[in-house]
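Worksheet for the structure shown next.
So, in structure tokens, the structure goes:
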């Protein structure tokens, strides 16, 4: 029996991806999608790729009806404000904002600059990354989304962090312009943003809090650079290990920790062009590709990961987490393999 | 009961798209994929997006076994040479090269510069564009592929041409770099090709023969310009009509002629950014989007169409044609809606 | 003796190019540059490429002092409103907006939708394209700028139009995102504009008025498509000639009409990659490259031209026109040859 | 009195930049440019931006005549083989390959895999980076070129390294496709290279030898990622300092060490889009822009630098070094400020 899902805040890029995925999900039916900006317009007015699919009109957030699963794709700090109302509307709530990702209200305040609006709700949410929280998700009612940059870093480092092999690590991500959502500014104006290699967060990026929480390591140094790309995050993590480990041991470790993971692919070839993860062929997919290179006579291990920020870094992980929570086949609606060339 | 399909020449870009589509097609099973260059390697060595899907090794063309449907994704002039052999291997043959697109051997010679290698086979093939040949495809055994540029032009102009409304037309396509396949040269070297606006065929492009054949109009002037894009063809067709027709009549005509077409979308909005067809949101899809603008006080009607050259312009139309030929639901394996933003 | 020049409205893209050119012009000294938005800030805050050059602060338009040559780089309709004031400030005024390009106030009203604010000034301005108006410019006091798209078309067609060889012509331009200036919107937001092939003006573009005026032909059909490019205009003009002329006659004609022109290059090679004009290697230069291809057994001649819209299509032509007006060597400050690869 | 210069190997990208710069250099005259591939063709056949400049034909390397200054723009290992011959042809030789960059033949062998062909010549060459070797260059006869990646790193770190402030550093560069020269392959084929974020050297890049030599630090960890860009190198250097230094102290240090440098610009703004160095606005210029961000409560200092790899990273530094060697004004022929927008 199909479940009824609704989306609060469906006109943004993450909302658009959610709609795309849910339209083709056999176990759910989209009941309502809200948008204040596009009120009364069709979903394909905001998401032109959805033209010709099922006709859905954006409704007002005030008109939202009870449903089985409610997705929140709202700006940060908005979901927390009304979380009581949302949880009365649906048994299951999946919030894609940053509001319920951190478990510690003090950490939240440190990174987001103000008190959390609903601190008692923080521990009712499960962080929506099945690779790290599959069991909790299976019995969850409320799921938080994930930060896109955090996800690229967390999945790159998880096997090392879990086994406490890291002394310290410099994680540098290269990101596309869709990460900023659909709010435009001079910074996103095409003549300025095109061809940019912009150090927009050399230090002090909020996603660092999610990395520290999920990896439980403190010596993590993070930087983010925007490059010419629309979709995609690529992480280069320079890990300084406690000990000099051979490359084949690293292989074993990653194989073991990610065994059976439907969306993790280890990518490390000696020939060809795609020897390491490459975000461009992941566009539209839920994969996280991971590779690595060990520097000889050194404790540095370079781990490389790539995701689509709107998919594995947002809507894709959310749908995957929903599948886990609802007991559905985990890959449902997420089997698009990506395109090449692109 | 699933049908066995094999692909001769599966390491090129069109071959890669075919494999991607057929891997997810519920009515077929891929039996063999051949490649001389990648012999013995895995399909994902040529098509990195297919990593983690079913493991298939490229085999030699010599080892090809009988099957139900045989796809040929070979360089031009290669399929025709061995067509007798291929048709003994499979009841159904779908050739994606230019070898069997033209019905008239003399026209073939004019545009391809030499005698056709198998002229008696020309009229056993049906041109693989369901919008124009659905009935013949339903009873076909052999299907030719389509030219990507020709398809963008043909679908843009078909309603006008069928109704003999065109006096003469200038059709100009903007194309991406994947149109040239995966053979590299200085012309495709990234520092040279990047950002190019290259008039590679201001006159005298071979696809013109397919336009004249399918549209049955002679006064068609064609030019092609390569732009910064990997996938996609966008056609701007400046039609000088015999009479000055009002825009709403054009609407009616296109609606009528393309009624019920699963992959034609009329795109003509007065607001928003995506008012006319846009190839970027069609990447990976089988859609042909069509829009138009009528110039006031003039006989010029500008018709705009967009496709993904590797999909609707090649592998997508081939799979759609296969679906028609085999009596399967026409959209099977072709329902990817495309991505936005991208 | 150097002349004092000032620029009203120097924070836009055209203003930035003007400053760049004038900073290195040996015969002029920049006296003032105004900007309301960047008031009190340095020129390099708006134009980061000018960091480390002469330090200039933006001043208020109200504080503008008398000077020898005054450039106006203002939004359309603004220059005309205050033209009386500007002409008292400087003996020479060069206006880069569209306000004084058209000689006929009725034509202006038709295309710009309202009465001209200073119609008596229209015939005091000379259209700032030296290739067509060198003599008038030499004795001019007031110069209008040129439309970037109009310039690509006008220079492509001028030799044909002057000799009345054209029956009708379809001129299609492909343009970069800088053409829209630095005002941002969702349409220019990088995730939307990136990779676009956008038919933003399939019919009815204002620059058509400048083409008709300068070429004195009526049967000109114009369309504009935005592509993935920041700087550059490329025009493909499909000319239907009154008679079928051989290609070598076309050569002779263009050579004769453009003989000695310092910024016109004929580009028509049989080998290599750059056989026809290519806007990317013109970035930062004042060249207009022109090539052509004659269709056999047809009256169609395809003429291709390329310019940098901010240079030959705006600031470059303005400085070139200034050089002519002031009796200076015409190439002064305009000898940058462009980059390759780029 | 102008000096006669010739270029051996002038058809590559670095050779093209050299020609472009030398054509406009008032103190030199280009005598000969050699190319085996383009023998007998014009310089603009290889470098289309130079069309319309002085007509120069490529000659054979065998026909090279004595001159004042000889530039070698040859593949690695070729210059060293014939260095005896070249030094008899000209009093001054500037070699842009990697052959004479390293002073220690053993280090050369370690990184380039074979014995150096002319080890006795190694200490006759001066490393062609004026910021580090101005005095030696002033009295040099022979100058080596610089590695582009090494230059971005060396100039970023020099003030810190000189003052022995670095404990260890992770230097990560993002590079454009022109770094690989004009040799094409599937890896540089546009559909593959376009949009790539390719970890082509996560460890073990040869330029590391130049960094260690010039900075005299051993704890340097280097990685290189190719991104969507034609020209440009951007370095993000994560420096772990021996002590926690305040940001204003870093400012002072960089200001002091680079005082008076004509091509170093410190870029560190609190507002605007271009707060940190950005390679795109450096295209065609000889600038190295440097900025930094200090992480609070941490010993990490992130230093960011950007250059044009073909200019400051190759031909530009070579011409600047020539100017120093010849006693000419150091900025001669290098004053192009770059473009914006681009």
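Chains as they are written, first to last, in our numbering: chain A, 10 to 351; chain B, 10 to 351; chain C, 10 to 351; chain D, 10 to 351.
From the three backbone atoms N, C-alpha and C, an ideal C-beta is built for every residue, glycine too.
Note that the C-beta distance between residue 318 of chain A and residue 184 of chain A is below 8 Å.
In the DSSP secondary-structure assignment, residue 230 of chain B is bridged to B/179. At a cut-off of 8 Å between beta-carbon atoms, residue 229 of chain D makes no contact with chain A. Residue 342 of chain C is a Cβ neighbour of residue 30 of chain C, given a cutoff of 8 Å. Contact annotation, residue 86 of chain C with residue 108 of chain C: C-beta distance approximately 7 Å; criterion of less than 8 Å satisfied. By the Cβ neighbour-count rule, residue 252 of chain D is exposed, with fewer than 16 other Cβ atoms within 10 Å of its own. Within the stretch 269–291 of chain D, contact with chain A at the beta-carbon level (separation under 7 Å) is assigned to 282, 285, 287, 288 and 289. With a threshold of 8 Å between beta carbons, residue 300 of chain A makes no contact with chain B. Against residue 34 of chain B, chain A offers no close residue; the least beta-carbon distance is about 13 Å (beta-carbon pairs closer than 7 Å). When Cβ-Cβ separations below 8 Å define contact, residue 218 of chain D makes no contact with chain A.
Residue pairing by DSSP places residue 76 of chain C opposite C/99 in a beta bridge.
Listed in chain order, the non-local C-beta contacts of residue 243 of chain B below 6 Å within the same chain comprise 183, 288 and 315, local neighbours out to five positions each way being set aside. Scanning chain A for C-beta atoms nearer than 9 Å to the C-beta of residue 84 of chain B yields nothing, as the closest lies near 18 Å away. Contacts between residue 242 of chain A and chain C, judged by CB atoms closer than 7 Å, are missing: the closest CB pair is about 14 Å apart.
Contact between residue 179 of chain A and residue 80 of chain A is ruled out by a C-beta separation of about 35 Å, above the 8 Å threshold. Boundaries of the alpha helix (DSSP H) harbouring residue 24 of chain D: 22–32, taken from the DSSP string.
If you look at residue 300 of chain A, you'll find it in the beta strand (DSSP E) that goes 297–303. Residues of the same chain with a CB within less than 7 Å of the CB of residue 207 of chain C, apart from the 5 flanking positions on each side, are 234 and 235 in chain order.
Here residue 240 of chain B is buried. Its C-beta has 16 or more other C-beta atoms within 10 Å. Secondary structure at residue 349 of chain D: coil, using DSSP grouped into helix, strand and coil.
Taking 8 Å as the cut-off, the Cβ atoms of residue 167 of chain A and residue 153 of chain A do not count as close.
Residue pairing by DSSP leaves residue 251 of chain C without any beta bridge partner. Shown here, residue 283 of chain C sits in coil according to DSSP, grouped into three states, outside any helix or strand. Looking only at B/144, B/290 and B/298, the smallest Cα-Cα distance to residue 56 of chain A is reached by B/290. When the beta-carbon positions are compared, residue 247 of chain D and residue 159 of chain D stay at least 8 Å from each other. If the five residues before and after residue 320 of chain B are omitted, its C-beta is found closer than 7 Å to the C-beta atoms of 26, 293, 294 and 295, all from its own chain and listed in chain order. Within chain B, no C-beta atom comes nearer than 8 Å to that of residue 16 of chain A; the closest sits roughly 16 Å away. Only those residues of the stretch 31–59 of chain D whose C-beta falls short of 8 Å from the nearest C-beta of chain B would be listed, and there are none.
Not a single CB atom of chain C sits nearer than 8 Å to the CB of residue 158 of chain A. Straight-line measurement puts the Cα of residue 67 of chain D at about 5 Å from the Cα of residue 49 of chain D.
Interface flag for residue 350 of chain D against chain B is unset, since no Cβ pair is found closer than 8 Å. A buried status is given to residue 212 of chain B, since no fewer than 16 other beta-carbon atoms sit within 10 Å of its beta-carbon. In the three-state reduction of the DSSP assignment, residue 329 of chain B falls in the helix class, which pools H, G and I. In this structure, the beta-carbon distance from residue 82 of chain B to residue 125 of chain B does not fall below 8 Å. Residue pairing by DSSP places residue 242 of chain B opposite B/184 and B/316 in a beta bridge. Under the DSSP assignment, residue 193 of chain D falls outside any beta strand (DSSP E); it carries neither an H nor an E label.
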